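Take a look at the structure set out below.
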Amino acid sequence: MVRVVALLLILMGVSTVCASAQQLPIPSSWQNQSGSELTVFAPGANGGFVGQYVNQATGFDCQNMPFDASGRSGAGNVRFVVTWKNSFKSCNSVAAWTGTLAGNVMTTQWELAYVDPATGRLKIARGNDVFHRTR
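Here it is in structure tokens:
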């Protein structure tokens, strides 16, 4: 799993972001077009943030339960990662979002790294999400 996270971080270009422009408000909640919700609770290490993500996307596993999320924002950019493992379930996957923040709208692209149960091989799915601030 550590290799999967490292791969996603490299692929998504997660890096330290300057905190000079708009940042993700702490606390805040964000909902995307699938009904999934990112809740930002508190500042994280090294200027980042921590929170939880609840997946509601049709066709994906690990729905309707919170998973830890962590990320960084600043200069109008946002990046966060969710490891799909909690005390109840492990989906053998990790997802990373990267995008822009403009007011109460966060526009992102995501990559999901998962183990194909049929082959045991790592696969990558990609997509886009638009989140709107709900609180």
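Using our numbering, read the sequence shown as starting at 253 and increasing by one per residue. Where is the CB? At the ideal position from N, CA and C, for every residue including glycine. In this text, all values refer to a predicted model and were calculated from it rather than measured experimentally.
Classification of residue i by the beta-carbon crowding that lies within 10 angstroms, buried from 16 upward
i: R324; result: buried
i: F301; result: buried
i: S272; result: At S272 the pLDDT is 41, less than 50, meaning the model places this residue with poor confidence; the figure from the coordinates comes in the next sentence. Exposed, since its Cβ has fewer than 16 Cβ neighbours within 10 Å.
i: G303; result: buried
i: V330; result: buried
i: G351; result: buried
i: Q283; result: buried
i: G311; result: exposed
Residue nearest to residue i in terms of C-alpha spacing, selected from the options
i: Q285; options: V357, E363, L374; result: V357
i: S345; options: Q304, T310, T335, A294; result: T335
i: S339; options: N329, M317, A321; result: M317
i: V364; options: F293, A297, D313, Q283; result: First, the amino acid is wrong: residue 364 is Leu here, not Val. The option with the nearest alpha carbon to L364 is D313.
i: L353; options: Y366, K341, H384; result: H384
i: G326; options: R387, S342, W362, P295; result: P295
Residues bridged to residue i (per DSSP)
i: G351; result: V330, T360
i: T291; result: S281, Q304
i: G379; result: W362
i: L374; result: V367
Three-state class that DSSP yields for residue i in the structure shown
i: N298; result: helix
i: C324; result: One detail in the question is off: residue 324 reads as Arg in this sequence, not Cys. DSSP places R324 in strand when its eight states are reduced to three.
i: S345; result: strand
i: T335; result: strand
i: R385; result: strand
i: P369; result: coil
i: F319; result: strand
beta-carbon residue i near the ligand MG non-hydrogen atom, thresh 8 angstroms
i: K337; result: Absence of the ligand MG from the depicted structure is noted, as is the absence of any ligand whatsoever, leaving it without description.
Inter-stretch contact (C-beta, 8 angstroms, three-pair minimum) for the segment 273-282 and the segment 369-377: The segment 273-282 makes no contact with the segment 369-377; the number of CB pairs closer than 8 angstroms stays below 3.
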